[in-house]
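Engineer: In this note's numbering, the protein residues as written are 21 to 167.
1. How would you write the range of the alpha helix (DSSP H) that residue 164 sits in, first residue to last?
2. Does the contact criterion of 3 or more C-beta pairs under 8 Å hold for the region 74 to 82 versus the region 97 to 114?
3. Would you report the Cα separation of residue 154 and residue 142, rounded to the nearest angstrom?
4. Here's the rule I'm using: 16 or more other beta-carbon atoms within 10 Å means buried, otherwise exposed. How should residue 131 be labelled?
5. What do you reckon, are the CB atoms on residue 88 and residue 119 nearer than 7 Å?
6. Going by alpha carbons, who is nearest to residue 95 out of 28, 52 and 41?
7. Using 8 Å for Cβ pairs, my map puts residue 66 next to residue 46. What's the rounded Cβ distance?
8. Using the three-state DSSP reduction, which class does residue 59 fall into: helix, strand or coil?
9. Could you name the residues of the same chain whose beta carbon sits closer than 7 Å to that of residue 38, not counting the 5 residues immediately before and after it, in chain order?
10. Could you give the first and the last residue of the continuous alpha helix (DSSP H) run that contains residue 170?
11. Under three-state DSSP, which class holds residue 105?
12. Among 103, 69, 70 and 64, which one has its Cα closest to the Cα of residue 93?
13. Between which two residues does the alpha helix (DSSP H) harbouring residue 127 extend?
14. Answer yes or no: do residue 70 and residue 97 have a C-beta to C-beta separation smaller than 7 Å?
Okay, here's the thing in structure tokens:
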């Protein structure tokens, strides 16, 4: 989650509607949190096409479309109705859409062919340790099923 200052600074650095003029957040399933008063949860499945300049023209449009996986979003309001926290980008099903399972702006830029150049902005893949764990697990399963 981003605090107010960081959020405003981040979104102030680019005009998302200029870069993706047909963007459609497709919000759905709004729900009040029964355990945390003032928190509202909802889903989005954002779609759009990269046809305009992004980040003051630093990232050129590709004309490619994106179809994001379902993401969970939450907004927390204080007792005066002001937003005190906004969370976005929590992917629910990384196998949907064309963002490589990424949420938020990382997923959008990956889908349109302009990913950021660091690992967190790339699709998830198993680490060497995890692959080794899977390999050993498969060997043990095969061994126990052959008995």
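All C-beta atoms, glycine included, are put in the ideal place defined by N, C-alpha and C.
Structural biologist: So, from the data block:
1. For the purposes of this step, residue 164 is taken as residue 144 along the chain shown, with counting starting at 1. Looking at the DSSP string, the run of the alpha helix (DSSP H) that includes residue 164 is 148 to 165.
2. No, they do not touch.
3. Translated into the one-based positions of the chain shown, residue 154 becomes position 134. Translated into the one-based positions of the chain shown, residue 142 becomes position 122. One alpha carbon belongs to residue 154, the other to residue 142, and they sit about 22 Å apart.
4. Locating residue 131 in the chain shown gives position 111, counting from the first residue. When all chains shown are included, residue 131 counts as buried.
5. One-based indexing of the chain shown puts residue 88 at position 68. One-based indexing of the chain shown puts residue 119 at position 99. Judged by their CB atoms, residue 88 and residue 119 are nearer to each other than the 7 Å cut-off.
6. The residue you call residue 95 lines up with position 75 of the chain shown. Of the listed residues, the one whose Cα sits closest to residue 95 is 52.
7. On the chain shown, residue 66 is found 46 positions in, with the first residue counted as 1. On the chain shown, residue 46 is found 26 positions in, with the first residue counted as 1. Residue 66 to residue 46, Cβ: 7 Å. Contact.
8. Residue numbering aside, residue 59 sits at position 39 when the chain shown is read from its first letter. When DSSP states are grouped into helix, strand and coil, residue 59 belongs to the strand group.
9. Against the chain shown, residue 38 aligns to sequence position 18. The beta carbon of residue 38 is closer than 7 Å to those of 72 and 73 in its chain, skipping five residues each way along the sequence.
10. With the chain covering only 21 through 167, there is no way to say anything about residue 170.
11. One-based indexing of the chain shown puts residue 105 at position 85. Looking at residue 105 - three-state DSSP - the assignment turns out to be strand.
12. Numbered from 1 along the chain shown, position 73 holds the residue referred to as residue 93. Across the set 103, 69, 70 and 64, the C-alpha of 64 shows the shortest separation from the C-alpha of residue 93.
13. Taking the first residue of the chain shown as position 1, residue 127 is located at position 107. Per DSSP, residue 127 is one residue of the alpha helix (DSSP H) stretching across 124 to 131.
14. Within the chain shown, the letter at position 50 stands for residue 70. Within the chain shown, the letter at position 77 stands for residue 97. In this structure, residue 97 does not lie closer than 7 Å to residue 70 by Cβ.
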